[in-house]
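Colleague:
2 protein chains.
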Amino acid sequence: MKLINQLSKETGIPIPTIRFYEKSGLFTGKKKEDVKSNNYTYYDEEVIKKLSLIRDAKSAGFTLSEIKEIIDAWYGKQISKPEKLEILSRKLVQIETKIKELKEVKIQIAFLKNEVEKCN
Amino acid sequence: MKLINQLSKETGIPIPTIRFYEKSGLFTGKKKEDVKSNNYTYYDEEVIKKLSLIRDAKSAGFTLSEIKEIIDAWYGKQISKPEKLEILSRKLVQIETKIKELKEVKIQIAFLKNEVEKCN
DNA sequence: AAATAGTATAGACTATGCTTCATACTTTAT
DNA sequence: ATAAAGTATGAAGCATAGTCTATACTATTT
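Protein chains in written order, with the UniProt record's numbering: chain A, 1 to 120; chain B, 1 to 120.
#1: Under 8 Å between beta-carbons, which chain A residues line up against residue 102(B)? List them in chain order, please.
#2: Based on the DSSP output, what are the partners of residue 42(B) in its beta bridges?
#3: Which residues does DSSP list as the beta-bridge partners of residue 23(A)?
#4: Identify the residues that DSSP records as bridge partners of residue 77(B): which are they?
#5: Which chain A residues sit within Cβ distance under 8 Å of residue 89(B)?
#6: For a quick check, are the C-beta atoms of residue 109(B) and residue 102(A) less than 7 Å apart?
#7: Exposed or buried, residue 40(A), counting other C-beta atoms within 10 Å across all chains shown (16 or more means buried)?
#8: For the alpha helix (DSSP H) containing residue 36(B), list its first residue and its last residue.
#9: Measuring only the C-alpha atoms, how far is residue 33(B) from residue 15(A)?
#10: Measure from the alpha carbon of residue 5(B) to the alpha carbon of each residue in 44(B), 25(B), 36(B) and 24(B), then state which is nearest.
#11: For residue 117(A), return the contacting residues in chain B, with the cut-off set at a CB-CB distance below 7 Å.
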């Protein structure tokens, strides 16, 4: 069980950002009931995995609420199997779409570069 | 020469958003000096091209200031040819990186989907 | 001529995703 | 034991990217 400091070190995500994600419902830590002197929050390995997914999915252009959907589809106990599969399939389609859009923009920019090269 | 209404229709971008982009320095329209009765702004074909680039680059995950860089590298008169080429090359690298990240997230999600399929 | 639709401008407002601050308490290092 | 470092919480602040409102004038339609 890790403290927030350790989470931050292992994922490279700043502590306030981790707290913000937790407050946003992307994961939860646990208070240790046997420890009475403080109310520090402890996090397990699963949280590291979730934070990695958040980091990667964010840099791929997903919003936090889209990422929450993915996490809920993955760990959410109250979601049925077909629903989970449906959500994950949709995400895969979204990713395919994003890749296609990126390739189109790439072509556009390569064209601009070519224009600059021959014209000026 | 087109009015803002027409720009909006041709690009699918709402009028307030077009005004916001113009105010952000992504392009400029011109006032017709021979017309004294109103002060409507007119836009040429180049603006349509810029708006299309903005639309595509945005959905590919670029920020407005990144897009401004691209546009400046494309039309900016005060930027030297080597600088322009350098900016566009950087953008191409950024796009390649984004595509790689997307492919990684795709693998992650495909894995999650597979887990859901066999487990529940 | 009157109603309807289009344009301009400034400013307020919203949502997302943080980031910083203030306060207070706990733990660790020296 | 005292200072430094870590943790918790709530609230404020900030940047980006719009979106909406109010006001006022212009143009078009009927």
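Don't be surprised by glycine CBs; every beta carbon is placed ideally from N, CA and C.
This structure is a prediction, so every number in the text was calculated from the model and none was measured.
Modeller: Put simply:
#1: Position 102 of the second sequence, counting from 1, holds the residue named residue 102(B). Correct list: 60, 61, 95, 98, 99 and 102.
#2: If you number the second sequence from 1, residue 42(B) lands on position 42. Residue 42(B) is bridged to 30(B).
#3: The residue given as residue 23(A) occupies position 23 in the first sequence. According to DSSP, which records beta bridges pairwise, residue 23(A) is partnered with nothing at all.
#4: In the second sequence, counting from the first residue as 1, residue 77(B) sits at position 77. Residue pairing by DSSP places residue 77(B) in no beta bridge whatsoever.
#5: Taking the second sequence and counting its residues from 1, one reaches residue 89(B) at position 89. Simply 113.
#6: Residue 109(B) sits at position 109 when you count from the first residue of the second sequence. Residue 102(A) sits at position 102 when you count from the first residue of the first sequence. Judged by beta-carbon spacing, residue 102(A) lies beyond the 7 Å limit of residue 109(B), meaning their Cβ atoms are not closer than that value.
#7: The residue labelled residue 40(A) in the question sits at position 40 within the first sequence. Per the 10 Å Cβ criterion, exposed.
#8: Against the second sequence, residue 36(B) aligns to sequence position 36. From DSSP, residue 36(B) is part of no alpha helix (DSSP H); its letter is neither H nor E.
#9: For the purposes of this step, residue 33(B) is identified with residue 33 of the second sequence, where counting begins at 1. For the purposes of this step, residue 15(A) is identified with residue 15 of the first sequence, where counting begins at 1. For residue 33(B) and residue 15(A), the distance between alpha carbons rounds to 56 Å.
#10: Start at 1 with the first residue of the second sequence, and residue 5(B) comes out as number 5. Among 44(B), 25(B), 36(B) and 24(B), the Cα nearest to that of residue 5(B) belongs to 44(B).
#11: Here the question's residue 117(A) lines up with position 117 in the first sequence. Per Cβ cutoff of 7 Å: 85.
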